[in-house]
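*Asks:* Below are the structure tokens for one structure; questions will follow.
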Amino acid sequence: MKKTPKIEVCSYCSGFDVNELKNKVKAKIGCIGKCSKKNPELNGKVYGFLNGEFTVCDTKEEFFEKIDKLDSFVSDSNKSSLVDAFLEHLEKWHDEHEKLRELCLAYQLTEELKWGQPCYMLNDKNIVIIGGFKNYVALSFFKGALLRDEGGILVRQTESVQAGRQLRFSSVEDITENETMIKAYIGEAVEIEKAGLKVPVEKKTEIKIPDELQAKFNDDPAFKNAFYALTPGRQRGYIFYFNGAKQSVTRVSRIEKCMTKIFEGLGVND
1 MKKTPKIEVC
11 SYCSGFDVNE
21 LKNKVKAKIG
31 CIGKCSKKNP
41 ELNGKVYGFL
51 NGEFTVCDTK
61 EEFFEKIDKL
71 DSFVSDSNKS
81 SLVDAFLEHL
91 EKWHDEHEKL
101 RELCLAYQLT
111 EELKWGQPCY
121 MLNDKNIVII
131 GGFKNYVALS
141 FFKGALLRDE
151 GGILVRQTES
161 VQAGRQLRFS
171 SVEDITENET
181 MIKAYIGEAV
191 EIEKAGLKVP
201 VEKKTEIKIP
211 DELQAKFNDD
221 PAFKNAFYAL
231 TPGRQRGYIF
241 YFNGAKQSVT
251 RVSRIEKCMT
261 KIFEGLGVND
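The sequence shown maps to residues 1 to 270 in the UniProt record's numbering.
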């Protein structure tokens, strides 16, 4: 039987060209929650998670040799080592993340680090994701539009968001006080996925790209590429925001102020 080890490395900061690894073995390429910027001791090293264990080597050859010796990965927990690493360096909303993580894992959901955030799945289908923002930490349900939400507390981030809905919290105490309610929402989200329910797709109206944004695309191809690398929802969110300004000078100002976030792959409300 072919061995199936679990190999997780970062395309930017694992210390080697990951394309060489992809040609050699199946590996998950993405954020691994550790980088040399936050861990200076990793500078010049080659590193990643091999079967859930963070592994650091002096050379690429040594790292590949360890990969060759790996057995198949067998997990004894739904927890992800990548999320462990992410939380290890998380400062803002750390305790809130830990508490929400505990509640999600109680439903035997599989944990992964997706889009740089702890995500919880059932049979490879996304159920809920935890994200920290400036003024709150959110538990975002991928099919939140189907939740009953009798209390009317779910938040729709923008009008362009169709399926997703958020529960927002400002402290661990806030989460603890609402624990019963949170569990009910997670439990219902799990049942919705088990039932195979789909969120009805609303017909989208064509959104006009403002002239000021098109001009910026023409002047800066890298910015254009970064914008269209965003998810469709984030693209629409920015266009709504830019078009919300009545004067051209204000639209230009908004575009300039959002460029850094766009290059970082963030949405207008992130």
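Every residue gets a Cβ at the ideal spot worked out from N, C-alpha and C, and that includes glycine.
Are there three or more Cβ pairs, one per stretch, closer than 8 Å when the segment 60 to 73 is compared with the segment 115 to 132?
*Replies:* no
*Asks:* Going straight from the alpha carbon of LEU109 to that of THR250, what length do you get?
*Replies:* 45 Å
*Asks:* If you compare alpha carbons, which of ALA184, PHE133, PRO221 is closest to PHE263?
*Replies:* PRO221
*Asks:* Starting from LYS168, follow the alpha helix (DSSP H) in both directions and report where the run begins and ends.
*Replies:* First, the residue type needs correcting, since residue 168 is Arg and not Lys in the sequence shown. No alpha helix (DSSP H) contains ARG168, which is instead part of the beta strand (DSSP E) from 165 to 169.
*Asks:* If you check the beta carbons only, do GLU193 and LEU147 fall under 8 Å apart?
*Replies:* no
*Asks:* Here's the rule: buried if 16 or more other CB atoms are within 10 angstroms of the residue's CB, otherwise exposed. What is MET1?
*Replies:* Interpretation of MET1 is limited by its pLDDT of 41, a score under 50 that renders its predicted location unreliable; no figure is taken from the coordinates.
*Asks:* What first and last residue would you give for the beta strand (DSSP E) that runs through LYS257?
*Replies:* Premise fails: LYS257 lies in the alpha helix (DSSP H), 248 to 263, not in any beta strand (DSSP E).
*Asks:* Can you give me the Cβ contacts of ASN43 inside the same chain, cut-off strictly under 8 Å, excluding the 5 residues immediately before and after it?
*Replies:* SER36
*Asks:* Using the three-state DSSP reduction, which class does LYS92 fall into: helix, strand or coil?
*Replies:* coil
*Asks:* Cβ of PHE169 within 8 Å of Cβ of VAL137?
*Replies:* yes
*Asks:* Helix, strand or coil: which one does DSSP assign to SER81?
*Replies:* helix
*Asks:* So, using beta-carbon positions, are GLY233 and VAL155 closer together than 8 Å?
*Replies:* no
*Asks:* Following the continuous alpha helix (DSSP H) through GLY132, name the residue where it begins and the one where it ends.
*Replies:* Segment 125 to 132 is the beta strand (DSSP E) holding GLY132; no alpha helix (DSSP H) there.
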